[in-house]
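Okay, structure first, notes after.
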Amino acid sequence: MDHLLYIAMSGAKENMNGIAVRANNLANTGTVGFKADFEQARAMQAFGAGLPTRVFSLTEQPGQNFDAGAIIITERELDVAIQGDGWLAVQAPDGNEAYTRSGNLQISAQGMLETATGLPVMGDDGPIQLPVPLAKVEIAQDGTISVLPQGAPADAIVPAGRIKLVRPANSEMEKGNDGLFRRKDGQIAEADVDVSLLKGAIESSNVNAVGEMTYMISLQRQFELQVKMMKSAEEMDRQQNQLLRIIG
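For the sequence shown, our numbering begins at 80 and goes up steadily by one.
Here's what the structure looks like:
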């Protein structure tokens with residue numbers, strides 16, 4: 080009974096972890112540039128004193144769905160979407176460089192170009208700062224930013240920096256708890272001039288809400304099955320004790 084209970088217990092735990100992952104995906108259906116997470120678990124042999132007769136479920140390093148989300152045309156001058164593969168470089172809260180496909184940008188009161196969540200966008204020489212106040216901002220396909228200072232003639236538009244665009248292989252990327260992507264080896268990705276932007280547009284989340292709901296229902300049924308197995312183990316253990324008392 081001990082073996083059955085251990086397998087069912089660890090299986091139920093991983094089912095709950097999977098439900099949490101799928102619920103997080105559903106919660107981010109409307110998040111710009113969000114990449115859906117996968118949950119994964121496998122059977123592992125439990126080693127210790129005595130013979131290795133037990134197995135348990137173990138969570139493996141989760142992966143992400145790197146498929147591009149749908150492109151939504153906004154015609155907003157600070158909205159950009161990456162065409163094809165590639166990432167925008169941003170400065171993470173820890174001060175290091177990280178990567179995202181969330182292209183709904185904004186300009187802070189201090190002139191910093193930021194993501195919608197307030198992360199500074201990186202340029203060739205660090206975070207991009209623009210001369211405010213501005214009458215107009217244009218972002219070119221290669222990430223070059225041109226600005227027209229407020230009060231300046233219409234033909235006085237000048238370049239003010241360029242967004243750092245990178246394209247490391249998806250297999251080299253991993254997602255952090257903050258939702259940002261980084262290279263697995265911890266290195267900084269080099270700028271790639273072949274990555275291009277579509278201005279006046281954003282990339283939506285690639286979460287398939289119907290698919291996520293289907294996965295959640297399946298995981299919930301698996302969890303119920305694991306609980307029934309634990310109850311069965313308890314019942315068999317009770318009957319075994321009754322039999323032993325009769326024999327004794």
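C-beta: ideal position from N, C-alpha, C; glycine also.
Keep in mind it's a predicted model, so treat the numbers as computed, not measured.
Check: In this structure, does DSSP put F113 in helix, strand or coil?
Finding: coil
Margin query: Could you tell me the alpha carbon to alpha carbon distance between V272 and A102, rounded to whole angstroms?
Written below: Cα to Cα, the separation comes out at about 37 Å.
Note to self: Taking the alpha carbon of A162 as the reference point, which residue from L277, V306, A239 and D316 has its own alpha carbon closest?
What the structure shows: Here residue 162 turns out to be Gln, not Ala, going by the sequence shown. Among L277, V306, A239 and D316, the Cα nearest to that of Q162 is on L277.
Next item on the list: Return yes when the Cβ of V216 is within less than 8 Å of the Cβ of L157, no when it is not.
Entry: yes
Item checked: Collapsed DSSP secondary structure at I236 in the structure displayed -> coil
Margin query: What residue range does the alpha helix (DSSP H) around S297 cover?
Written below: A288 to I326
Next item on the list: Please report how far the alpha carbon of G222 lies from the alpha carbon of A288, in whole angstroms.
Entry: 32 Å
Item checked: Where G258 falls: helix, strand or coil (DSSP) -> The three-state reading of DSSP puts G258 in coil, since its state is none of H, G, I, E or B.
Next item on the list: May I have the straight-line CA-CA distance separating P141 from S275, to the nearest angstrom?
Entry: 29 Å
Check: What did DSSP end up calling D278 once you bin it into helix, strand or coil?
Finding: Sequence check: residue 278 is Lys here, not Asp. Strand, per DSSP.
Checklist line | Beta bridge counterpart(s) of S136 as assigned by DSSP | finding: A122
Note to self: Pairs of beta-carbons, one from the stretch 295-303 and one from the stretch 187-198, closer than 8 Å: are there three or more?
What the structure shows: no
Next item on the list: For K243, count neighbouring C-beta atoms within 10 Å of its own C-beta (all shown protein chains included) and say buried if the count is 16 or more, exposed if not.
Entry: It is buried - the Cβ of K243 has at least 16 other Cβ atoms within 10 Å.
Next item on the list: Quick one: measure Cβ to Cβ for V111 and S283, integer angstroms, because I've assumed they're closer than 8 Å.
Entry: 7 Å
Item checked: First through last residue of the beta strand (DSSP E) which encompasses L167 -> W166 to Q170
Checklist line | Inter-residue CB distance, V237 and L209 (contact presumed, cutoff 8 Å) | finding: Not a contact, Cβ separation roughly 11 Å.
Next item on the list: For R155, collect the residues of the same chain with a Cβ closer than 7 Å to its Cβ; drop the 5 residues on either side in sequence, then sort them by chain order.
Entry: Hits under 7 Å: G279.
Notebook entry, point to check: Excluding the five sequence neighbours on either side, which residues of its own chain have a C-beta within less than 6 Å of the C-beta of F302, listed in chain order?
Noted result: A91 and N94
Margin query: Considering only DSSP beta bridges, list what E193 is partnered with.
Written below: Q185 and P199
Next item on the list: Output yes if chain C places a C-beta closer than 8 Å to the C-beta of E118; else output no.
Entry: Going by chain labels, chain C is absent from the structure shown, which holds only one protein chain.
Check: First and last residue of the beta strand (DSSP E) that includes Q162?
Finding: Taken as a continuous stretch (DSSP letters only), the beta strand (DSSP E) holding Q162 covers V159 to Q162.
Check: Do M308 and L83 come within 8 Å of each other at the CB atom, strictly closer than that value?
Finding: If you check the CB distance, L83 and M308 come in under 8 Å.
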